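Note that the protein sequences, when read in sequence, are chains A and B.
No gaps in the numbering here: position 79 of the first sequence is 213 in our numbering, and each next residue is one more.
No gaps in the numbering here: position 83 of the second sequence is 424 in our numbering, and each next residue is one more.
We put the CB at the ideal spot given by N, CA and C, even for glycine.
Values in this document were obtained by computation on a predicted structure and should not be read as measured data.
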Amino acid sequence: MARALAALAALLSALCIASTAWAHATLVSSEPADGSVLAEPPKMVQLHFNEGVAPAVIGLIDAAGKTREIATRAVGQSVLIVLPDDLPQGTQIVSYRVVSQDGHPVAGSMVFSIGAVTGAAPPAKASPLAVLIWLARIGVYLGLFAGVGGAFFAAWIGQGPDGSMVGRIALAIGLVSAVASLGLQGLDLLNLPPAGLMTSAPWISALATSLGPALSIAIGAMAIAFCAWKSPGILIALVLTTSAMAGVGLSLAASGHAATASPQWLTKPSLFLHGIAVAYWIGALAPLAAMAYRRNDDLPRALRQFSAIAIPLVGLLVLSGLALSIVQLGSVSALIETSYGILLSIKLALVILLLALAVLNRFVATPAVVADYKNTRLLLRSVLAECVLVIGILAVVAGWRFTPPPRASIVPVVTPLSIHIHTDAAMFQVLVSPGKIGANDFVLQLMTGDAALLTAKEATLILSLPERGIEPMERRATLGPDGYWHVRGVALPQPGRWRMRIEALVTDFQKVTLEDELSVQ
Amino acid sequence: MSKLAPAVILLVAIATAPASAHITLEKRQAAVGSYYKAVFAVPHGCAGSATIKLRVQIPEGVIGIKPMPKPGWTLEMVKGKYATEYELHGSKLSEGVKEVVWSGGKLADDNFDEFVFSSYLTQSLKPDTTLYFPVVQECEQGVSRWIDVPAEGQAGHGEGGKTPAPGLKLIAKP
Numbered sequence: 135m136a137r138a139l140a141a142l143a144a145l146l147s148a149l150c151i152a153s154t155a156w157a158h159a160t161l162v163s164s165e166p167a168d169g170s171v172l173a174e175p176p177k178m179v180q181l182h183f184n185e186g187v188a189p190a191v192i193g194l195i196d197a198a199g200k201t202r203e204i205a206t207r208a209v210g211q212s213v214l215i216v217l218p219d220d221l222p223q224g225t226q227i228v229s230y231r232v233v234s235q236d237g238h239p240v241a242g243s244m245v246f247s248i249g250a251v252t253g254a255a256p257p258a259k260a261s262p263l264a265v266l267i268w269l270a271r272i273g274v275y276l277g278l279f280a281g282v283g284g285a286f287f288a289a290w291i292g293q294g295p296d297g298s299m300v301g302r303i304a305l306a307i308g309l310v311s312a313v314a315s316l317g318l319q320g321l322d323l324l325n326l327p328p329a330g331l332m333t334s335a336p337w338i339s340a341l342a343t344s345l346g347p348a349l350s351i352a353i354g355a356m357a358i359a360f361c362a363w364k365s366p367g368i369l370i371a372l373v374l375t376t377s378a379m380a381g382v383g384l385s386l387a388a389s390g391h392a393a394t395a396s397p398q399w400l401t402k403p404s405l406f407l408h409g410i411a412v413a414y415w416i417g418a419l420a421p422l423a424a425m426a427y428r429r430n431d432d433l434p435r436a437l438r439q440f441s442a443i444a445i446p447l448v449g450l451l452v453l454s455g456l457a458l459s460i461v462q463l464g465s466v467s468a469l470i471e472t473s474y475g476i477l478l479s480i481k482l483a484l485v486i487l488l489l490a491l492a493v494l495n496r497f498v499a500t501p502a503v504v505a506d507y508k509n510t511r512l513l514l515r516s517v518l519a520e521c522v523l524v525i526g527i528l529a530v531v532a533g534w535r536f537t538p539p540p541r542a543s544i545v546p547v548v549t550p551l552s553i554h555i556h557t558d559a560a561m562f563q564v565l566v567s568p569g570k571i572g573a574n575d576f577v578l579q580l581m582t583g584d585a586a587l588l589t590a591k592e593a594t595l596i597l598s599l600p601e602r603g604i605e606p607m608e609r610r611a612t613l614g615p616d617g618y619w620h621v622r623g624v625a626l627p628q629p630g631r632w633r634m635r636i637e638a639l640v641t642d643f644q645k646v647t648l649e650d651e652l653s654v655q
Numbered sequence: 342m343s344k345l346a347p348a349v350i351l352l353v354a355i356a357t358a359p360a361s362a363h364i365t366l367e368k369r370q371a372a373v374g375s376y377y378k379a380v381f382a383v384p385h386g387c388a389g390s391a392t393i394k395l396r397v398q399i400p401e402g403v404i405g406i407k408p409m410p411k412p413g414w415t416l417e418m419v420k421g422k423y424a425t426e427y428e429l430h431g432s433k434l435s436e437g438v439k440e441v442v443w444s445g446g447k448l449a450d451d452n453f454d455e456f457v458f459s460s461y462l463t464q465s466l467k468p469d470t471t472l473y474f475p476v477v478q479e480c481e482q483g484v485s486r487w488i489d490v491p492a493e494g495q496a497g498h499g500e501g502g503k504t505p506a507p508g509l510k511l512i513a514k515p
């Protein structure tokens with residue numbers, strides 16, 4: 135064991151050291167030049183290095199956001215990349231990782247545009263992959279809501295095994311779907327065929343997106359709920375199911391269009407509460423149906439307990455849902471004019487039907503059962519109808535993955551992105567306008583840790599997009615008469631979480647480096 | 342385990358292979374309170390361009406700098422005040438060499454050369470830390486700044502280690 139640990143430690147430290155050994159092969163020039171705008175699509179790209187290199191990974195992401203097949207050849211100190219003839223107008227990115235003579239990898243990116251600098255819209259997909267992504271998403275929802283919610287109901291309210299079969303199947307579906315979601319997302323990002331799942335690239339790429347933490351939390355929550363079914367004591371089950379429910383809320387708050395909307399103080403807690411309320415409601419359906427079907431004499435107690443909590447929770451559900459809809463839509467007309475709004479309208483219609491059934495349950499079916507526990511026909515029917523509606527709602531919600539919310543197309547135009555990076559050593563304020571995909575102007579305000587002006591000799595902006603495999607691109611900033619550093623016309627051709635590093639040379643021998651993320655849509 | 346071992350050895354071998362790509366110190370470990378002959382190896386120019394000037398910053402706590410003259414290169418020593426007073430051979434020093442500059446020569450990209458000075462590592466330096474000598478390499482075209490120092494807490498494999506400053510591991514005087 136000790137030897138295995140020592141070996142692991144050696145391996146990890148070796149990886150650490152190896153990754154920093156940056157090499158001395160550098161890109162001297164390229165044809166077309168980095169950042170250039172061309173009238174006609176070029177036949178090939180030539181990267182010239184200061185010494186002979188071997189290409190390791192060369193990638194091309196075209197202006198439509200698609201990863202393209204390319205042929206590469208190393209000739210002496212250059213790498214030739216033969217481009218496809220059907221490149222779309224706009225900005226293309228060539229990302230390279232080459233091995234220099236001493237065996238060290240060198241990585242970087244260059245961009246060129248045909249016609250004009252553009253930002254690619256996320257590619258519209260209507261492929262079989264999209265259907266799979268949609269189904270996997272529904273599966274994850276089933277696992278989270280029916281599975282985790284079911285376990286919670288069984289531990290806290292049902293106090294019995296009724297509906298455990300449905301709950302466990304939902305958890306199993308959810309776990310498989312969550313893993314599948316991750317892989318499919320990776321395939322979608324890198325535009326790989328299904329066989330690509332056998333390699334690590336799509337998984338790493340998907341984990342780097344916000345879906346990574348969201349699905350990891352979801353998998354954790356479902357695994358905990360699974361354990362809760364097997365837990366020996368009721369106390370342990372109560373603790374496990376409660377933490378699994380918190381996981382449901384966290385998972386939903388970690389990803390998706392709504393989680394990235396601002397104001398974050400509103401959207402994240404709203405999503406968290408929305409998720410927990412939904413799981414509470416949906417989780418109760420299968421156990422209640424099972425109890426009603428078997429005419430369980432404990433049903434009146436369970437029903438009373440369930441509805442005592444359900445009424446305030448439904449209030450929360452509606453409020454948080456309304457808040458999120460308002461943030462996402464921006465205007466009432468968007469309800470019918472955008473595909474996102476149409477999906478929301480359908481969801482709202484289904485939710486109103488569901489609420490009507492809930493009212494029927496609360497005021498007609500529940501009193502009937504409380505009066506006579508064998509009188510469950512009405513309850514059973516309405517709960518089953520609720521189940522059908524719920525599946526419909528989840529299917530609609532899973533469709534949102536493919537439609538950007540209207541706010542995404544409004545907000546970035548209005549305000550430039552502003553990023554504040556603060557460490558002990560320095561404080562950088564970065565303004566990115568317009569702050570969306572396409573050509574962007576960066577303004578860097580460099581200050582010392584106590585907000586005095588930081589006089590720098592040089593400033594460099596370095597951008598990369600790890601989730602799409604885009605290696606760092608360097609842009610030198612120029613000092614403007616306003617005392618700020620400017621980099622104009624930086625192409626950010628792809629949406630995503632870009633990594634931004636700013637290096638300010640303070641003296642000949644000292645530089646200050648700060649890093650942050652830049653979310654571009 | 343037995344299957345893993347060769348992989349580990351290979352990775353360690355790759356990781357510990359001399360980083361010929363950077364400007365480095367020939368001898369990377371020295372005791373505080375002793376003389377140290379600093380040999381800076383310059384393996385290449387700036388992205389293919391010939392080296393015409395090399396500037397080495399002397400960190401605080403390193404005194405008694407005596408550069409080795411180099412045929413074809415003009416030697417210059419920039420002096421300044423130390424942060425504190427140091428003692429060398431019984432005399433107190435409050436100022437001395439802060440930067441050594443070799444200029445006027447020409448070192449082609451496909452040649453290799455060494456730049457040398459002798460120095461004294463005072464007792465004020467802490468053993469078990471790494472002392473960095475930031476180097477600015479000026480070329481006919483362009484400049485390479487070997488000045489990246491890992492931020493505290495991530496010594497060894499810091500962020501932005503693209504152009505690391507040559508480092509010297511300090512040990513206690515035996």
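Proximity winner among the options, relative to residue i (alpha-carbon distances)
i	options	result
Arg602/A	His620/A, Leu652/A, Thr375/A, Ala335/A	Ala335/A
Phe562/A	Gln462/A, Trp337/A, His620/A	His620/A
Gly317/A	Leu514/A, Ser339/A, Ala418/A	Ser339/A
Thr589/A	Asp642/A, Gly630/A, Glu605/A	Asp642/A
Gly552/A	Ala611/A, Val654/A, Pro615/A, Ile443/A	What sits at residue 552/A in the sequence shown is Ser, not Gly. The candidate whose alpha carbon is nearest that of Ser552/A is Val654/A.
Ala342/A	Val240/A, Ser598/A, Gly464/A	Ser598/A
Asp330/B	Ile399/B, Leu511/B, Thr392/B	Summary: the structure shown does not reach residue 330/B, with chain B confined to residues 342 through 515, and so no result is reported for it.
Gly569/A	Glu651/A, Ala505/A, Leu491/A	Glu651/A
Ala288/A	Val162/A, Ala423/A, Leu565/A	Ala423/A
Met634/A	Leu400/A, Thr594/A, Phe286/A	Thr594/A
Ile364/B	Asp469/B, Val477/B, Glu440/B, Glu401/B	Val477/B
Neighbourhood of residue i by C-beta distance below 6 Å, restricted to the same chain and skipping five residues each side
i	result
Tyr473/B	Val490, Ala506, Gly508
Glu426/B	Lys433, Ser435
Met425/A	Asp296, Leu433
Trp268/A	Ala532
Pro347/A	Ala388
CB contact below 8 Å: residue i versus chain B
i	result
Gln667/A	In this structure chain A extends from 135 to 655, so residue 667/A is not present and cannot be described.
Lys591/A	no
Asp642/A	yes
Asn184/A	yes
Lys645/A	yes
Val485/A	no
Thr582/A	no
Thr594/A	no
Val162/A	yes
8 Å Cβ cutoff, residue i in contact with chain A
i	result
Arg369/B	no
Gly445/B	no
Ile404/B	no
Pro475/B	yes
Gln478/B	no
Ala382/B	no
Lys344/B	With a pLDDT of 47 at Lys344/B, under the threshold of 50, the modelled position of that residue is not reliable, and no figure is offered here.
Gly389/B	yes
Ile488/B	yes
Gln398/B	yes
Own chain, CB closer than 8 Å to residue i, minus 5 neighbours either side, in chain order
i	result
Leu321/A	Leu263, Pro327, Pro328, Gly330, Leu331, Pro336
Val245/A	Asp168, Gly169, Thr225, Gln226, Ile227, Val228, Met607, Ala625, Pro627
Leu366/B	Ala379, Val380, Phe381, Ala382, Phe474, Pro507, Gly508, Leu509
Tyr461/B	Ser375, Tyr376, Tyr377, Val403, Ile404, Gly405, Leu429
Leu352/A	Note on residue identity: the sequence assigns Ala, not Leu, to residue 352/A. Val274, Gly277, Leu278, Gly308, Ala312, Gly381, Val382, Ser385.
Arg369/B	Gly508, Leu509, Lys510
Beta-carbon proximity list for residue i, same chain, < 7 Å, skipping 5 on both sides
i	result
Ser441/A	Arg496, Thr500
Gly445/B	Trp414, Thr415
Cys480/B	Gly386, Cys387, Ser390, Ala391, Thr392, Ile393
Val412/A	Phe279, Leu451
Min CB distance residue i to chain C below 8 Å
i	result
Val477/B	The displayed structure is made up of protein chains A and B, and chain C is not among them.
With a threshold of 8 Å, are at least 3 pairs of Cβ atoms found where one atom belongs to the region 210 to 225 of chain A and the other to the region 178 to 198 of chain A? yes
Discussion item. I'd like to know if the region 519 to 528 of chain A and the region 441 to 460 of chain A are in contact, where contact means that at least 3 CB-CB pairs between them fall below 8 Å.
Written reply: no
Requested in this report: Could you tell me which uninterrupted beta strand (DSSP E) segments, each at least 3 residues in length, are contained entirely in the region 414 to 491 of chain B, listed from first to last along the chain?
Outcome: 415 to 429, 432 to 448, 454 to 462, 471 to 473, 476 to 480, 484 to 487
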